[in-house]
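Asker: Sharing a structure, written as structure tokens. Questions coming.
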Amino acid sequence: MPPRVDKEKCDGCKAEEETLCEQVCPGDLMTLGENKKAYCRQPRDCWDCMSCTKICPVGAIETRMPYQLGYHGAKLIPMMGTDNITWTCVDIHGNVERFRYKNRVEPE
Amino acid sequence: MDKIIPKIGIIIWNQGGRLSQAINLDALVKKFTKAKNVACCEIVEELWTTAFFDSLKNSAENKQVDRFLWIGRFTPYQMKYIKGPLAAAGLNPYLHEWMDLEDQGICLKETEPEIRAAKAATLIQMAIARTRLLEPLEPMELPASDAILIIGAGIAGLHAAESLSALGKRVYLVEKESGVGGKVALLSRFYPRICDPHCGLEFTLQKLGESDHVEFHTLSKVQALSGSPGNFMATVIKTPRFVSETKCNACGECLAVCPKEIPGLYPVSDNLKAIHPPIPMPFPPAFAIEREHCPPECRECEKICPAKAVDLNQMPSEEQIPIGAVLITTGWDLYPLSAVEEYGYGRFDNIISNLEMEQLLSSHGRRLTHPAKLSLSDLKEVGFIQCAGSRDERHLPYCSSVCCSATLKQILYFKELVPDASCYVFYQHIRTSGFDEDLYRKARELGNVTFVRERPAKVEHDNHQGKLNITVLDPLLDKKIHLNLDLLVLAGGMCPSGGSKETAQILNLPQNQYQFFESHLQCHPEESQRTGIYVGGSCREPMNVSQSIDSSHRSAMQALKYLEGTVRIEPTYPVVNKTKCDQCKRCMEECPFSSFVFDEKGFPTPDLARCRQCGNCMGICPLAVISLNNNTIKQLAVQIEAVNASFMGKNEPVILALLCENDAHKAARAAVDQGLPVPPNAIVIKVSCAGSVNNAIVADALSLGIDGILIAGCKDDQCHYIKGSQLVQKRSGDLSDKLKTMMIEPERVRFVNLEIRDAHKYVDVLNTYIKDLKGMGPNPFKI
Chain A
8 MPPRVDKEKC DGCKAEEETL CEQVCPGDLM TLGENKKAYC RQPRDCWDCM SCTKICPVGA
68 IETRMPYQLG YHGAKLIPMM GTDNITWTCV DIHGNVERFR YKNRVEPE
Chain B
173 MDKIIPKIGI IIWNQGGRLS QAINLDALVK KFTKAKNVAC CEIVEELWTT AFFDSLKNSA
233 ENKQVDRFLW IGRFTPYQMK YIKGPLAAAG LNPYLHEWMD LEDQGICLKE TEPEIRAAKA
293 ATLIQMAIAR TRLLEPLEPM ELPASDAILI IGAGIAGLHA AESLSALGKR VYLVEKESGV
353 GGKVALLSRF YPRICDPHCG LEFTLQKLGE SDHVEFHTLS KVQALSGSPG NFMATVIKTP
413 RFVSETKCNA CGECLAVCPK EIPGLYPVSD NLKAIHPPIP MPFPPAFAIE REHCPPECRE
473 CEKICPAKAV DLNQMPSEEQ IPIGAVLITT GWDLYPLSAV EEYGYGRFDN IISNLEMEQL
533 LSSHGRRLTH PAKLSLSDLK EVGFIQCAGS RDERHLPYCS SVCCSATLKQ ILYFKELVPD
593 ASCYVFYQHI RTSGFDEDLY RKARELGNVT FVRERPAKVE HDNHQGKLNI TVLDPLLDKK
653 IHLNLDLLVL AGGMCPSGGS KETAQILNLP QNQYQFFESH LQCHPEESQR TGIYVGGSCR
713 EPMNVSQSID SSHRSAMQAL KYLEGTVRIE PTYPVVNKTK CDQCKRCMEE CPFSSFVFDE
773 KGFPTPDLAR CRQCGNCMGI CPLAVISLNN NTIKQLAVQI EAVNASFMGK NEPVILALLC
833 ENDAHKAARA AVDQGLPVPP NAIVIKVSCA GSVNNAIVAD ALSLGIDGIL IAGCKDDQCH
893 YIKGSQLVQK RSGDLSDKLK TMMIEPERVR FVNLEIRDAH KYVDVLNTYI KDLKGMGPNP
953 FKI
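This is the structure we're talking about:
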């Protein structure tokens, strides 16, 4: 399921040439619309990698749970820390599971 | 470079037993002596002995210790006193970390001893983590110019130029008119002494003319400004004067032959010739030609000029001027009075502005060149309408502050010239603050000056008599008065000059809601929010002459630091990690001082001379790759990682309080000092501005099981860094929304405004937050 952009929140990365979601999308699917808000221009090509969701500085992008992982109503939300990422997974029954990973390792 | 293995010396200063009474220091020493990277940990009773300092120096010299963590309450003076001798022993002064246990409520007797001990241990653990990552730093010195560019050669600019040149600084004065003096040169008198402003201006100009340090650029404008404070480069465009400034000696022969008459500045002013002495003051003395008025092919002035100074083929020229700082004194303009339609300015004869009245007053004793023009001695009944445009929501909502005094001054002088005239002042309130009250008193004592506390309801022109019919309701007599006036003077308000608006655009300077230059009026009135660019005089707010001279001097004083040949940069500036930065440019966009520029590879990088080191970029960066030196995101992250969230026991929530060092942190400290019952649940981390808190830090803290994050800073419009609070509120609001989707209570991140003396409010805020957090239950990430 493609990313959904909250139009209220998206600030088009302050009108820079290339928004962060545009830069990070491996399929080059995110782009700015005429209203200066980001959107996914080819929803069918989205792989649900969630890179855009993770990088959005204002938390405007939400990825709906891909069908392989759960039915409608389930969601997976990342929260980025300095060297870690925290995932919250909510399944269709409303059960919540949370896990935290280090995703940046620096040499000792 | 080899990785430095830190060797931390922990010194716990017992402060005469204050700490040891509260907690068991020996247990702490025992715990931390063996900690990773700790070289030694000791309790010191007597800090200020030579023996102790010698032992410190020894351990620094022998490289047993390469950085210190000081635990206890140290004043800035004491910190300096400690850093000095150790720097002499070879220890970099930036390798000290200070941790005040008392600030965190360790000595508060209300708190249970076990909690205090556990909290002290976690705080020291945090401080050690932070100290490990300190880097040795060196202040930088950038070369700087000793010249300043002053835009606007009105009275504020001229006086600042005089003082700066007397200090040996090179001054470039840029003025768009052909002559200097600005609005003050158009006045006939100024108060409080009711003397002729040309006297003071000539005096200043003489000194400026004699100085080797001052260069005048008249008929010029700044077109661009590049570079950074200390090393700006200004592009100045000069429109042709058509008369050589060096050759012309203002003999005036050309005036007799010039065939073209052009109107003066105002309808009441004398007419001019197309070639004329500079306006408003004949300085520099060389005449100027307004070529657009010249008859085609006319060369009369060129032919007659004995000095061969006329050059009708002059072209515009451009000059690059290297400077260290810019002072803007572009002044004010009169509010366009034709917009105040009800008073008939521009529609009827004999209605003039207060600036025109000045021209009229200064025409006294001179032959009027134009017989149809107003003559002072014919005026018997003169009305003055105050607040024409000012204090009016449809026009200027503010009070222009000088017009009351200016009108009274005009009345005093006018009555001196025409003693039998009657004056009427129509006003809302007479605002003559300070000693200006004297003018008001004198005007009332003069006789034949009537003050009517209402502005005219109707102004009509009587075509037969050529007079003005005024209808006004006098609220004191409670009846309508009809007056027949010879002249009506409108006290127009002050608005930013066209030059101010243009300069704001070219130099990208923020303006306030009235289009005056924005500045932090109480604390840094001189600053334009762009480092190295200062504003003075009435381009900042309406001011009278003496205030604007004062203010331009204050600005000049501040500008001096960029005119000293070098600019010293504290090494705690922000650094962008370019291996991780993806050039989103949000830092450039949101830096309150616009101090980010592109480096040669297209990465944003702070211009160190402009940067105020507030750390907002650090908070803004979506990838958390900007850090202030020795106050890095990494340091904050390890500090948070070191928090042992169980120090409060099972059922009590733990709060991480990120407090702005300018006020919220001081409020928290005051709460402890005043002995208020500060709940122990909060761990306080001081940040340079609430806006420097990155969401990644907050996410870290939440995911590590801290129950609530409190961010506190100034009120929106009080932030020293302009918009730090606003930015962090927006970001923490975004994060709260995300928490909601994560099925976590959004209130786990909370922003509050705390002012510097809000000690009681701080305690209330904590108590409410603790209560709310208890209601929410523990953070789901708590292990």
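Here the protein sequences come in this chain order: A and B.
Just add 7 to wherever you are in the first sequence, counting from 1, and you've got this note's numbering.
Just add 172 to wherever you are in the second sequence, counting from 1, and you've got this note's numbering.
By construction, the Cβ of each residue, glycine as well, lies at the ideal position given by its N, Cα and C atoms.
1. Nearest by alpha-carbon distance to Ile524 (chain B): which of B:Gln558, B:Ala781, B:Gln687, B:Phe607 is it?
2. Alpha carbon to alpha carbon, what distance is there between Gly351 (chain B) and Ile805 (chain B)?
3. Are at least three pairs of beta-carbons, each pair with one atom in the region 224-241 of chain B and one in the region 293-309 of chain B, less than 8 Å apart?
4. Specify the secondary structure class of Lys838 (chain B) as computed by DSSP and reduced to three states.
5. With DSSP collapsed to three states, give me the class of Phe224 (chain B).
6. What are the uninterrupted segments assigned as alpha helix (DSSP H) that are 4 or more residues long and contained completely in the region 367-438 of chain B, given in chain order?
7. Restricting to Cα atoms, I'd like to know which of B:Ile855, B:Pro435, B:Ala840 is closest to Asp930 (chain B).
8. Using a Cβ-Cβ cutoff of less than 7 Å, which residues in the same chain neighbour Ala615 (chain B) once the five nearest sequence positions on both sides are dropped?
9. To the nearest angstrom, how far is the alpha carbon of Lys858 (chain B) from that of Gln685 (chain B)?
10. Would you identify the three-state DSSP class for Leu974 (chain B), choosing helix, strand or coil?
11. Do you know how far the Cα of Asn102 (chain A) is from the Cα of Thr95 (chain A)?
12. Grab me the residues of Ile721 (chain B)'s own chain with a C-beta within less than 7 Å of its C-beta, minus the 5 sequence neighbours each way, in chain order.
13. Thinking just about the alpha-carbon of each residue, which of B:Val865, B:Pro668, B:Glu462, B:Glu553 is nearest to the one in Thr501 (chain B)?
14. Rounded to the nearest angstrom, what separates Pro33 (chain A) and Lys44 (chain A) at their Cα positions?
15. So His932 (chain B) is in the alpha helix (DSSP H); what residue range does that whole segment cover?
16. Going by DSSP, what residues sit across from Thr622 (chain B) in a beta bridge?
17. Quick check on Ser718 (chain B): buried or exposed, where buried means 16 or more other Cβ atoms within 10 Å of its Cβ?
18. Can you confirm whether Leu2 (chain A), when its beta carbon is compared against all beta carbons of chain B, has any partner nearer than 8 Å?
19. Taking 8 Å as the CB-CB cut-off, is Val97 (chain A) touching chain B?
20. What is the rounded straight-line gap between the Cα of Tyr344 (chain B) and the Cα of Glu425 (chain B)?
21. Beta-carbon separation of Gly244 (chain B) and Leu191 (chain B) under 8 Å?
22. Determine the extent of the beta strand (DSSP E) in which Glu553 (chain B) is found, giving its start and end residues.
23. Are the Cβ atoms of Thr738 (chain B) and Leu339 (chain B) separated by less than 8 Å?
24. Of all the residues that make up the region 723-745 of chain B, which are near chain A by a beta-carbon distance shorter than 8 Å?
25. Return the residues of the region 40-73 of chain A that lie within a Cβ-Cβ distance of less than 9 Å from chain B, sorted by chain order.
26. Could you tell me which uninterrupted beta strand (DSSP E) segments, each at least 3 residues in length, are contained entirely in the region 733-797 of chain B, listed from first to last along the chain?
27. Can you pull the chain A neighbours of Glu761 (chain B), defined as C-beta to C-beta under 7 Å?
28. Along the region 911-943 of chain B, where does the CB come closer than 7 Å to a CB of chain A? Name the residues.
29. Would you say Leu907 (chain B) faces chain A, with C-beta separation under 8 Å as the test?
30. Please determine if the region 395-410 of chain B and the region 779-794 of chain B are in contact, where contact requires at least 3 C-beta pairs separated by less than 8 Å.
31. Identify every run of the alpha helix (DSSP H) within the region 47-113 of chain A, keeping only runs that are complete inside it and at least 4 residues long; order them along the chain.
32. Any contact between the region 740-752 of chain B and the region 356-376 of chain B? By contact I mean 3 or more CB pairs, one from each, below 8 Å.
33. With distances taken between CB atoms, is the gap from Leu568 (chain B) to Gly561 (chain B) smaller than 8 Å?
34. Identify the residues that DSSP records as bridge partners of Lys652 (chain B): which are they?
35. Counting only C-beta atoms, is Ile869 (chain B) closer than 8 Å to chain A at any point?
36. Mind checking which residues open and close the beta strand (DSSP E) that includes Phe240 (chain B)?
Answerer: So, to answer that:
1. B:Gln558
2. 54 Å
3. yes
4. helix
5. helix
6. 369-382, 425-429
7. B:Ala840
8. Leu580, Ile583, Leu584, Val621
9. 33 Å
10. Lying before the first or after the last residue shown, residue 974 (chain B) is absent from chain B, which here runs from 173 to 955.
11. 10 Å
12. Ile327, Ala328, His331
13. B:Pro668
14. 19 Å
15. 931-948
16. B:Tyr596
17. exposed
18. As displayed, chain A neither begins before 8 nor continues past 115, which places residue 2 (chain A) out of reach and without an answer.
19. yes
20. 31 Å
21. yes
22. 553-560
23. no
24. none
25. Ile62, Cys63, Pro64, Val65, Gly66, Ala67, Glu69
26. 738-741, 746-748, 768-770, 776-778
27. Lys21
28. Thr913, Met914, Met915
29. yes
30. yes
31. 58-62
32. no
33. yes
34. B:Leu645
35. yes
36. 239-243
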